[in-house]
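Working notes, structure below.
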Amino acid sequence: MRTTILGTGGIAAHHANSIGALGGHGIDAQVTHAVDIDADRAARFAAEFGIPRHGTSLADVLPETDVLHVCTPPGAHLDATLAALAAGVHVVVEKPAVLSLAELDRIAVAERTAAPARTGQGTARFTQVVQHRFGAGALRLRRLLDDGALGRPLVATCDTLWFRPPAYFDVPWRGRWDTEGGGPTMGHGIHQFDLLLAMFGEWTEVTAMAGRLAREVDTEDVSMAIVRFASGAMASVTNSLLSPRETSDLRFDTEKATVELSHLYGYSDENWTFTPVAGQDDVARLWVPEPDALGSGHAAQFVPTYRAFAAGEAPPVTVADVRGTLELAAAIYRSAFTGVPVRAGQIGTDDPFYGSMRGSGPGWAPVKGVTADAEEVAR
Numbered sequence: 123m124r125t126t127i128l129g130t131g132g133i134a135a136h137h138a139n140s141i142g143a144l145g146g147h148g149i150d151a152q153v154t155h156a157v158d159i160d161a162d163r164a165a166r167f168a169a170e171f172g173i174p175r176h177g178t179s180l181a182d183v184l185p186e187t188d189v190l191h192v193c194t195p196p197g198a199h200l201d202a203t204l205a206a207l208a209a210g211v212h213v214v215v216e217k218p219a220v221l222s223l224a225e226l227d228r229i230a231v232a233e234r235t236a237a238p239a240r241t242g243q244g245t246a247r248f249t250q251v252v253q254h255r256f257g258a259g260a261l262r263l264r265r266l267l268d269d270g271a272l273g274r275p276l277v278a279t280c281d282t283l284w285f286r287p288p289a290y291f292d293v294p295w296r297g298r299w300d301t302e303g304g305g306p307t308m309g310h311g312i313h314q315f316d317l318l319l320a321m322f323g324e325w326t327e328v329t330a331m332a333g334r335l336a337r338e339v340d341t342e343d344v345s346m347a348i349v350r351f352a353s354g355a356m357a358s359v360t361n362s363l364l365s366p367r368e369t370s371d372l373r374f375d376t377e378k379a380t381v382e383l384s385h386l387y388g389y390s391d392e393n394w395t396f397t398p399v400a401g402q403d404d405v406a407r408l409w410v411p412e413p414d415a416l417g418s419g420h421a422a423q424f425v426p427t428y429r430a431f432a433a434g435e436a437p438p439v440t441v442a443d444v445r446g447t448l449e450l451a452a453a454i455y456r457s458a459f460t461g462v463p464v465r466a467g468q469i470g471t472d473d474p475f476y477g478s479m480r481g482s483g484p485g486w487a488p489v490k491g492v493t494a495d496a497e498e499v500a501r
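Taking the numbering used here, the leading residue of the sequence shown gets 123, the next gets one more, and so forth.
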């Protein structure tokens with residue numbers, strides 16, 4: 123499969139390396155094109171990763187592309203995705219997939235009416251990178267929950283406690299509703315609470331707060347939420363960019379065990395801790411580490427994703443999966459800015475939080491001078 127990487131900033135290297143590793147899993151794929159609005163940066167990226175062609179126009183290379191990886195700032199995801207699906211090209215997009223539920227619903231429609239896939243099987247498909255779902259520990263926990271071996275899920279905590287200094291927001295598209303979609307809820311913590319949803323299932327209600335406490339941005343720099351799930355389980359979720367000792371921590375309490383994950387930007391089996399209820403020796407034996415299994419990197423998700431593309435099947439993360447997580451982000455903002463709980467499905471097409479995570483707006487004023495022209499944003 124011929125792959126094009128659109129946007130050759132920092133995250134693109136993870137994509138290039140992971141696609142290059144697919145051959146070791148019996149998947150024939152190669153990055154054939156690198157595209158960026160900055161021609162020099164595209165050329166440097168192509169030289170570094172041995173990519174045959176590079177340029178500044180996505181339209182020029184779509185006819186020679188089977189899979190498009192969208193690694194641009196979030197505000198540029200939608201148009202590239204729609205163009206690719208219409209051309210029969212599979213799409214792998216970085217998080218957050220888009221800026222709003224409205225944009226994601228447009229992608230869902232585009233996927234349903236997509237052109238036949240260039241790979242020769244089915245129609246073009248869409249997926250988003252949520253690599254934390256695919257590490258060995260997460261897959262093991264999901265199996266144990268599905269089997270009922272750990273009993274009912276009851277309580278969880280989900281903390282993304284990261285630190286971004288003021289200079290981080292000097293990049294023109296960061297810290298803005300119209301280009302990044304939101305603050306740490308959308309661009310940082312979404313990985314962790316996506317994994318929370320993958321383990322505990324559908325959420326039903328959320329109550330939240332958000333604040334702009336220390337950074338000169340239009341968005342929040344911290345949010346906190348309490349989430350109830352369809353199973354009755356409850357969880358707390360914290361998303362922060364103000365925490366000097368950075369950690370990413372999830373804890374899952376079930377009837378028979380506590381399962382904990384503590385890492386930063388990616389995990390292996392060593393980052394998991396399994397604690398059964400005292401005296402439950404049979405439960406203790408359920409958690410069997412796999413030292414040689416893949417951790418939570420991009421490659422762990424790309425292997426099953428590319429296999430699905432080749433077979434003409436739905437990828438392991440579908441539009442519906444992405445929507446459940448994005449809807450929780452929108453509900454966190456809605457609850458935080460309106461002061462009332464939000465139920466799943468409550469944000470309809472006529473709701474201000476459907477078209478923008480900013481919705482009816484937070485209680486703080488926009489930061490003066492947080493503007494950028496289109497080319498700056500694309501960079």
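Here a beta-carbon is modelled for each residue, glycine too, at the ideal position from N, C-alpha and C.
Approximately 25 angstroms separates the beta-carbon atoms of histidine 420 and serine 179; this is outside 8 angstroms, ruling out the contact.
In this structure, the alpha-carbon of serine 482 lies about 28 angstroms from that of leucine 317.
In chain order, Thr282, Gln314, His385, Leu386 place their CB closer than 6 angstroms to the CB of serine 370, counting only its own chain and leaving out the 5 sequence neighbours on each side. If you draw a straight line from the Cα of glutamate 170 to the Cα of glycine 273, it is about 49 angstroms long.
Sequence-distant partners of valine 231 (beyond 5 residues in either direction) whose C-beta falls short of 6 angstroms from its own C-beta are missing from its chain. Setting aside the 5 residues that flank it on each side, phenylalanine 256 is surrounded in the same chain by Ala422, Gln423, each with a C-beta closer than 6 angstroms to its C-beta; the list follows chain order.
A distance below 8 angstroms separates the beta carbons of serine 353 and phenylalanine 322. Boundaries of the beta strand (DSSP E) harbouring glycine 333: 325–333, taken from the DSSP string. Closest in C-alpha terms to threonine 125, from the list Val215, Thr395, Gly401, comes Val215.
Bounds of the beta strand (DSSP E) holding asparagine 361 are 356–362.
By the neighbour-count definition (other C-beta atoms within 10 Å, threshold 16), proline 185 is an exposed residue. Residue pairing by DSSP places isoleucine 127 opposite Ala156, His191 in a beta bridge.
Distance between alanine 271 and valine 439, taken at the CA atoms: about 24 angstroms. Exclusion of the five residues before and after threonine 380 leaves Thr397 as the residues of its chain whose Cβ lies within less than 6 angstroms of its Cβ. The segment 239–250 and the segment 431–448 touch, with no fewer than 3 CB-CB distances between them shorter than 8 angstroms.
Under the 10 Å beta carbon count, leucine 383 is surrounded by 16 or more other beta carbons and is classified as buried. Each of Arg334, Gly172, Ile173 was checked against the Cα of leucine 363, and the nearest Cα belongs to Arg334. The residue among Ile312, Gln253, Arg407, Gly461 with its C-alpha nearest the C-alpha of tryptophan 284 is Ile312. Non-local C-beta neighbours of alanine 453 in its own chain, meaning closer than 7 angstroms and more than five positions away in sequence, comprise Val328, Val464, Ile469, ordered along the chain. A straight line joining the alpha-carbon of threonine 194 with that of alanine 406 spans about 44 angstroms. Taking the Cα of arginine 296 as reference, the smallest distance to any Cα among Asp269, Arg337, Leu276 is reached at Arg337.
Note on tryptophan 394: 16 or more other CB atoms within 10 angstroms of its CB, so buried under the neighbour-count rule. Proline 218 is positioned such that its CB atom lies closer than 8 angstroms to that of methionine 308. With a 10 Å radius around the Cβ and a threshold of 16 neighbouring Cβ atoms, alanine 260 comes out buried.
It is roughly 18 angstroms from the alpha-carbon of glycine 304 to the alpha-carbon of glycine 461. In the assembly as shown, glycine 197 is a buried residue. Its beta-carbon has 16 or more other beta-carbons within 10 Å.
Each of Ala224, Gly485, Asp391, Gly131 was checked against the Cα of valine 157, and the nearest Cα belongs to Gly131. From the listed residues Ala330, Asp340, Pro426, the smallest Cα separation to tyrosine 455 is found for Ala330.
Between valine 183 and histidine 155 a beta carbon distance of about 4 angstroms is seen, short of the 8 angstroms cut, so the two are scored as contacting. At a cut-off of 4 residues, the continuous stretches assigned as alpha helix (DSSP H) that sit fully inside the segment 283–331 are 306–309, 312–322. The residues Arg350, Phe351, Ala352, Arg465, Ala466, in chain order, have a CB closer than 7 angstroms to that of threonine 326 in the same chain once the five nearest residues on each side in sequence are set aside. Leu416 is the residue among Thr447, Leu416, Phe459, Trp486 whose C-alpha sits nearest the C-alpha of glycine 146.
Arginine 373 and proline 275 have their alpha carbons spaced roughly 11 angstroms apart. Here the C-alpha atom of leucine 319 lies approximately 13 angstroms from the C-alpha atom of leucine 263.
Burial state of arginine 480 is buried, judged by a 10 Å Cβ sphere holding 16 or more other Cβ atoms. As the crow flies, the alpha-carbon of threonine 235 is around 27 angstroms from that of glutamate 324.
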